[in-house]
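This report concerns only the one structure given below.
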Amino acid sequence: MKSLIIGLIAPLAVGLLAADLDLIQPADLAARLAAKGTPPVILHVGPNVLYRSKHIPGTIYAGFAARPEGLEALKTAAQNLPRDREIVIYCGCCPWSHCPNVKPAFELLKQMGFTRVKAMFIETNFAKDWVDKGYPVESSRAGQ
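Position 129 (the sequence shown) corresponds to 1470 in the working numbering; numbering is contiguous.
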């Protein structure tokens, strides 16, 4: 019975979080990055260890948004961007329904006046939903 209830509630939790955010799917972002034109600014808002391991090329590490110091780092990373610039944020540390980073980052950017913020929907984690699908990645050296 407990697993049945969890099975019914988990999709609702994902739906509630997703309903609050403007989303972009990984395949759509990969296509945008491969196309000509101005790409969105991409901000990684999860653990630095994940960013250093593998991230989307051109991504700016903007802090671990579940923590106050991470939100301050996000403010610093975004402060000089035009408020109408398209921004995509992502984390990928865990399944979407458990991510502690995307929603606070999204809310902060909206409070800062950004009008074109999207969150990349990573259903399982960055490795499975981006890396394993063959989308482009790069790694950072220690200290970056």
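Glycine included, every Cβ here is placed at the ideal spot set by N, Cα and C.
DSSP places Y1392 within a helical segment (H, G or I) once states are collapsed to three.
Membership of V1429 in the beta strand (DSSP E) is indicated by the continuous run I1428 to Y1431. Beta-carbon to beta-carbon, R1457 and I1428 are separated by about 7 Å, close enough to satisfy the 8 Å threshold. Per DSSP, the beta bridge partners of V1382 are I1428.
Going by DSSP, K1469 is part of the alpha helix (DSSP H) stretching over F1467 to D1470. When secondary structure is reduced to three states using DSSP, K1377 falls in the coil class, being assigned neither helix nor strand.
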